[in-house]
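Heads up: the sequence lines are chains A and B, in that order.
So the number in the numbering used here is just where the residue sits in the first sequence, counting from 1, plus 34.
So the number in the numbering used here is just where the residue sits in the second sequence, counting from 1, plus 62.
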Amino acid sequence: MKNSLKTGLKGRGKFIIGGGLIMAAIIYLIVSATQANAEYFMTVNELKAKGNTLVGQSLRISGAVIGTTISYNPNTMDLTFDIAHVPGDNAAIEMGGGLAAVLHTAVTDPTRARLTIVYNGPKPDLLRDEAQAIITGHLGDDGIFYADELLLKCPTKYQEAVPSQVSNGN
Amino acid sequence: MLAQLGLGIFALTFLLALFSVGAAVAGYFSKSDRWVETARLAMLLTFPLITVGVATLIYLLVTGHYELQYVYSVTSNEMPFYLKITALWGGQAGSLVLWSWLMSAFASAVTLRKWERDRELLPWVIAVTSVTLAFFLALSIFYENPFARWWQTSGGDIVARMFAPAGALPLIPSDGQGLNPLLRHPGMIIHPPMLYLGFVAFVIPFAFAMAALVTGRSDDRWIRLTRRWTLVAWVFLSLGLVLGMRWAYDVLGWGGYWAWDPVEIAALMPWLTGTAFLHSVMIQEKRGMFKQWNMLLIILTYALVIFGTFLTRSGVLSSVHAFSESAIGPMFFVFIGVTFVTSVALLIYRWKDLKAEVEMHSLFSREALFLLNNLLFMGVLIVCFWGVIFPLISELVTGQKVTVGPPFYIRANGPLFGALLALMGIAPLSAWGRSTYKTLGRALWKPSIPTVIVPIVLAILGVRNWVALVGFTLVAFVIFVTLYEFWRAFRKSNLEITKRTQWIVIALLILVTIGFAAWALIDPANWLTPFVSMILTYFMVAIWMLARRNPRRYGGYLIHLSMVVMAIGILGMQVYQTTTQKTLAVGQNIQLAGYTLRYDSLAQFPYTDGRIVTRAVMSVYRGGQYLGNLYPRYDNYPDGQPVTIAGVRSTLSDDLYVVLVNWENVSEAQAPFKVYHNPLINWLWIGSLMFIFGFLVAAWPVSEKENDEGKNES
Chain A
35 MKNSLKTGLK GRGKFIIGGG LIMAAIIYLI VSATQANAEY FMTVNELKAK
85 GNTLVGQSLR ISGAVIGTTI SYNPNTMDLT FDIAHVPGDN AAIEMGGGLA
135 AVLHTAVTDP TRARLTIVYN GPKPDLLRDE AQAIITGHLG DDGIFYADEL
185 LLKCPTKYQE AVPSQVSNGN
Chain B
63 MLAQLGLGIF ALTFLLALFS VGAAVAGYFS KSDRWVETAR LAMLLTFPLI
113 TVGVATLIYL LVTGHYELQY VYSVTSNEMP FYLKITALWG GQAGSLVLWS
163 WLMSAFASAV TLRKWERDRE LLPWVIAVTS VTLAFFLALS IFYENPFARW
213 WQTSGGDIVA RMFAPAGALP LIPSDGQGLN PLLRHPGMII HPPMLYLGFV
263 AFVIPFAFAM AALVTGRSDD RWIRLTRRWT LVAWVFLSLG LVLGMRWAYD
313 VLGWGGYWAW DPVEIAALMP WLTGTAFLHS VMIQEKRGMF KQWNMLLIIL
363 TYALVIFGTF LTRSGVLSSV HAFSESAIGP MFFVFIGVTF VTSVALLIYR
413 WKDLKAEVEM HSLFSREALF LLNNLLFMGV LIVCFWGVIF PLISELVTGQ
463 KVTVGPPFYI RANGPLFGAL LALMGIAPLS AWGRSTYKTL GRALWKPSIP
513 TVIVPIVLAI LGVRNWVALV GFTLVAFVIF VTLYEFWRAF RKSNLEITKR
563 TQWIVIALLI LVTIGFAAWA LIDPANWLTP FVSMILTYFM VAIWMLARRN
613 PRRYGGYLIH LSMVVMAIGI LGMQVYQTTT QKTLAVGQNI QLAGYTLRYD
663 SLAQFPYTDG RIVTRAVMSV YRGGQYLGNL YPRYDNYPDG QPVTIAGVRS
713 TLSDDLYVVL VNWENVSEAQ APFKVYHNPL INWLWIGSLM FIFGFLVAAW
763 PVSEKENDEG KNES
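What follows is the structure, encoded as structure tokens:
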């Protein structure tokens, strides 16, 4: 007891202050890192609606790849293609008859909002017509989306595996 | 028939596990030793039973019974024998079986020990492990049945069911799909069981903690009894993580080892609480403090272990969404919720009994620094947890989906990891109780002198990046402090070595020398790598001799050393990794970090197991000098994912990592390459080898007497 009086701060006080400072530091780290690195997940329609207010912001866009727009130069590795709007939430996708059907209507519907993507790097094998693309990058002043990372999914490739070659027996 | 047998055995074991819970609880409340003994025997019987079930499944896998959905999905005719066995943990259903099997094995091992004065804990240890076992068996029986078979219904649909739907005919495919090619890698063969060993072993200290809470034994007996279990669990979990990193580096072909994806984080989170627990139990043993906190840590670890199992399973999922559709998800959350709430309620019930025996006095005492260590680990845990749940929260609150990627984790965790490094240097020099900044300063000044020189030398050498300067200085600080501690111990000790130890050491040294000599002969151009590794090993053997006096303490220091050696590799990658990409025609060059790589030729050929290998030959030059060839390639399996295998030139100072990008039009005239320059990465793997060694030292059995002596000293 004597000792704690001598140190000025009573017993637990200094530990509470110290612990509080550390918690504050951790919270600060989380908040600042979140603000600096948040990636907004958007559909093409949402992006078009917000327009140029988003220029420079880290974004993640999903859409359906339009096969006829894919152009790739293997020597410079410059890749451009357009994506068409696809609804963002799962319920809407289920309503539209599943991912494959939704992607198909998105690509064949000429009135859908479209976005041009520019990427530098090897062309992924899965980049083909009616694939779902999830693209990380930012929107330029020119309305073109500059991608840092491409993630592609072909719905047909992820169907549940069921044997095709079978023989009835037993 | 075998499938029914397998399921029957699992069902029987499940009932037995439930019975054992009931008998244990009944035995405790009626104070009946006979009931407890019955529960114990029931628990012991689960192990041989599950073993038969697992053996049945392995037999079905090896003999290609493709009428089983699980066998069909993870094996195929052309897969080699050993892969058919390891296919046991190649998918979710089999992984859960492995979990149950390990749980039963560990619980039996614990149940077999002599209980004597701890007998009152026994019924609750049995109850907790049996509940966990019953949960995993229930998942296997009701949701992820590895014995389900293919049926063709009268409507023509193909379904997987355990029992024939009305009017359905059994289907027997002639071949299976085969294990995902990405998993056909040595790292992937041992990585999941290692991780699971770690996960399951953490259930044991949790079970003892719960037993202590229920019975009201507020002393540190449960911690002492499970000390080695905790260490083993933690080491396997660590090795599981490192092996996963190595697998990602070798097989995924993106030049890195850790991507901060949800699966990795799910495996990291129990490691964080486990590491905090490993440290803070020492304070309870030595000072009788942190009792409530330790309980909370082990409860959290258990919850995160179950959560991690749920999220990691086979290790190849890309999104959390894949699970929300499976029936297994809600079951996991219900189980985690119920066990968590029950254990926290128990903890609150006993809260007052778990008061600290001593008050903490000084901010500079060792216990205060351990508390800080715990806070920092919790900080990293909160960062990770926040990163995983942030998208959900922001969607709920603002309706806007927002995610955070690797930069978030690196930025938020970086300073915390830095602080942990600094603490790793300071804490060993602090004293228990009333240490002040003066006494701490006196202990610190000697190792601080060489530390100050490090950033100066680095700056003269041209290092300007402040993360690298701070990081390497902290690394050097921990190394100097640890060596200083070893030096002090060395001066104090008069090494008394038994004949047996002498022979072990001599045999070890001979083996190690032969091993490294062989390595140097196989790859004479890189003689430096085996040479440095050999010196490191000699150094570690010397430390081991010393560490025998207090294995736990010096083993711990060795683990600290291995962690900072890993930190060298991580810093090198974080700060100095560079990359470039180019499409080349044969004869053209690509340059990176002083290296020149020439594309020499391309070959495409089938391999015996049906994959088509596309392989490029590149020659590597530096400063005009030819260094050797690299063979980046990708393998296309008939119906699987392509696997990219990088060509890697690996030395102590850097890795040159070349990827032949998988693209349909790859030819001699145009082939896209990605080249990564990964400085210092090998120190990450060297550190993990040192880590195993540190663990062996820390866990080396010592007699109780020796141990007590060591305790007084620290």
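We put the CB at the ideal spot given by N, CA and C, even for glycine.
Counting beta carbon pairs with one atom in the stretch 104-122 of chain B and one in the stretch 132-150 of chain B, are three or more of them shorter than 8 Å? Below 8 Å, enough C-beta pairs join the stretch 132-150 of chain B and the stretch 104-122 of chain B to call them touching: three or more.
Helix, strand or coil for ARG695(B)? Go by DSSP, reduced to three states. Walking along the second sequence from the start, residue 695(B) turns up at place 633. Three-state result, ARG695(B): strand.
List the residues that DSSP assigns as beta-bridge partners of TYR683(B). Translated into the one-based positions of the second sequence, residue 683(B) becomes position 621. Beta-bridge pairing links TYR683(B) to THR658(B), TYR688(B).
Same chain only: Cβ atoms within 8 Å of PRO207(A), ignoring 5 sequence neighbours per side: This structure gives no information on residue 207(A), because the portion of chain A shown stretches from 35 to 204.
Cβ-based neighbour list, VAL516(B), same chain, cut-off 6 Å, excluding 5 preceding and 5 following: For the purposes of this step, residue 516(B) is taken as residue 454 along the second sequence, with counting starting at 1. Taken in chain order, the residues that qualify are THR535, ALA538.
Find out if the Cβ-Cβ distance for the pair SER750(B), VAL304(B) is shorter than 8 Å. Translated into the one-based positions of the second sequence, residue 750(B) becomes position 688. Translated into the one-based positions of the second sequence, residue 304(B) becomes position 242. Taking 8 Å as the Cβ cut-off, SER750(B) and VAL304(B) qualify as a contacting pair.
Limits of the beta strand (DSSP E) - the one that SER105(A) falls within: In the first sequence, residue 105(A) corresponds to position 71, counting from 1. Unbroken beta strand (DSSP E) run through SER105(A): 93-107.
Proximity to ILE100(A) [Cα-Cα], best of ALA134(A), ALA118(A), TYR153(A): Locating residue 100(A) in the first sequence gives position 66, where the first residue counts as 1. Closest option to ILE100(A), Cα to Cα, is ALA118(A).
Which residues of chain A have a Cβ atom closer than 7 Å to the Cβ of THR724(B), listed in chain order? Counting from one through the second sequence, the residue named residue 724(B) turns up at place 662. Going by the sequence as given, residue 724(B) is Asn instead of Thr. Ordered by position in chain A, the residues that pass the 7 Å Cβ test against ASN724(B) are ASP159.
Assigned secondary structure, MET76(A) (DSSP; H/G/I helix, E/B strand, else coil): By 1-based counting over the first sequence, the position of residue 76(A) is 42. If DSSP states are grouped into helix, strand and coil, MET76(A) belongs with the strands.
Quick test of your reading: PRO235(B) and TRP213(B), contact by CB under 8 Å. State the CB separation rounded to the nearest angstrom. Position 173 of the second sequence, counting from 1, holds the residue named residue 235(B). Position 151 of the second sequence, counting from 1, holds the residue named residue 213(B). 12 Å between Cβ atoms; not a contact.
Is the separation between the beta-carbon of ALA338(B) and that of PHE439(B) shorter than 8 Å? Along the second sequence, read from residue 1 onward, the residue named residue 338(B) stands at position 276. Along the second sequence, read from residue 1 onward, the residue named residue 439(B) stands at position 377. Yes. Within cutoff.
Quick one: what does DSSP say TYR311(B) is sitting in, helix, strand or coil? Against the second sequence, residue 311(B) aligns to sequence position 249. Note: TYR311(B) maps to helix in three-state DSSP.
For the beta strand (DSSP E) that contains HIS127(B), what are its first and last residues? Locating residue 127(B) in the second sequence gives position 65, where the first residue counts as 1. Premise fails: HIS127(B) is in no beta strand (DSSP E) and is neither H nor E.
Do you know offhand how far TRP494(B)'s Cα is from VAL87(B)'s? Position 432 of the second sequence, counting from 1, holds the residue named residue 494(B). Position 25 of the second sequence, counting from 1, holds the residue named residue 87(B). One Cα belongs to TRP494(B), the other to VAL87(B), and the distance between them is close to 41 Å.
Can you pull out the residues from the stretch 441-453 of chain B whose beta carbon lies closer than 8 Å to at least one beta carbon of chain A? GLY441, ILE444, VAL445, TRP448, PHE452, PRO453
At 8 Å on the CB atoms, spell out the chain A contacts of LEU408(B), in chain order. Position 346 of the second sequence holds residue 408(B). Correct list: empty, because the minimum Cβ distance to chain A is about 25 Å.
Within the same chain, show all residues whose beta-carbon is closer than 8 Å to that of SER424(B), passing over the 5 residues directly before and after it, in chain order. Here residue 424(B) refers to the residue found at position 362 of the second sequence. Close CB contacts of SER424(B) within its chain, under the 8 Å cut and outside five residues either way in sequence, are with ALA430, GLY495, ARG496, SER497, THR498 (chain order).
Quick one: grab the DSSP three-state call for ALA147(A). If you number the first sequence from 1, residue 147(A) lands on position 113. Coil, per DSSP.
Name the DSSP beta bridge partners of SER712(B), please? Within the second sequence, the letter at position 650 stands for residue 712(B). Paired residue(s): ASP717(B).
Between PRO332(B), GLY350(B), ILE220(B), which has its C-alpha nearest ASP281(B)'s C-alpha? Working through the second sequence from its first residue, we reach residue 281(B) at position 219. Cα-wise, what sits closest to ASP281(B) is GLY350(B).
Would you kindly report the start and end of the unbroken alpha helix (DSSP H) that includes PRO243(B)? Residue numbering aside, residue 243(B) sits at position 181 when the second sequence is read from its first letter. Counting along the chain, PRO243(B) falls outside any alpha helix (DSSP H), and DSSP gives it neither H nor E.
In this structure, what does DSSP give as the bridge partners for THR706(B)? Working through the second sequence from its first residue, we reach residue 706(B) at position 644. Under DSSP, THR706(B) forms a beta bridge with TYR696(B).
Any 3 or more C-beta pairs closer than 8 Å across the stretch 542-557 of chain B and the stretch 570-581 of chain B: no
Residues of the stretch 68-90 of chain A whose Cβ lies closer than 7 Å to any Cβ of chain B, in chain order: Look at the stretch 68-90 of chain A: the residues with a C-beta under 7 Å from a C-beta of chain B are THR68, ALA70, ASN71, ALA72, GLU73, TYR74, PHE75.
For chain A, find out if any of its Cβ atoms is closer than 8 Å to the Cβ of ALA474(B); answer yes or no. Taking the first residue of the second sequence as position 1, residue 474(B) is located at position 412. Output row for ALA474(B): interface = yes.
According to DSSP, is PHE735(B) part of a helix, a strand, or is it coil? Residue numbering aside, residue 735(B) sits at position 673 when the second sequence is read from its first letter. Here PHE735(B) sits in strand by DSSP.
Close beta carbons around THR465(B), own chain, < 7 Å, minus the five adjacent residues each side: Position 403 of the second sequence, counted from the first residue, corresponds to residue 465(B). Around THR465(B): PRO453.
Helix, strand or coil at ASN154(A) [DSSP, three-state]: Position 120 of the first sequence, counted from the start, is the residue given in the question as residue 154(A). Correct three-state label for ASN154(A): strand.
Which chain A residues are close to PHE470(B), counting only those with a beta carbon under 7 Å from its beta carbon? On the second sequence, residue 470(B) is found 408 positions in, with the first residue counted as 1. Near PHE470(B) (Cβ distances below 7 Å), the residues of chain A are ALA67, THR68, ASN71.
Give a yes or no on whether 8 Å exceeds the smallest Cβ distance from LEU36(B) to chain A. The question about residue 36(B) has no answer, for chain B in this structure spans 63 to 776.
Could you pull the start and end residues of the alpha helix (DSSP H) that HIS7(B) belongs to? There is simply no residue 7(B) to check, as chain B begins at 63 and stops at 776 in what is shown.
CB-CB under 7 Å to ILE652(B), same chain, minus the five flanking residues each way: which ones, in chain order? As a working note, residue 652(B) is residue 590 in the second sequence. For ILE652(B), where only same-chain residues beyond five positions count, the Cβ hits under 7 Å are THR642, LYS644, LEU646, LEU659, PHE735, VAL737.
If we ignore side chains and look at the alpha-carbon of each, how far apart do SER166(B) and VAL89(A) end up? The residue you call residue 166(B) lines up with position 104 of the second sequence. The residue you call residue 89(A) lines up with position 55 of the first sequence. Cα-Cα distance, rounded: 57 Å.
Taking only beta-carbon positions, decide if LEU206(A) is within less than 8 Å of chain B. Because chain A in this structure spans residues 35 to 204, residue 206(A) falls outside the shown range and cannot be described.
PHE225(B) classed as buried or exposed, judged by whether at least 16 other C-beta atoms fall within 10 angstroms: For this step, residue 225(B) is matched to residue 163 along the second sequence. Exposed, since its Cβ has fewer than 16 Cβ neighbours within 10 Å.
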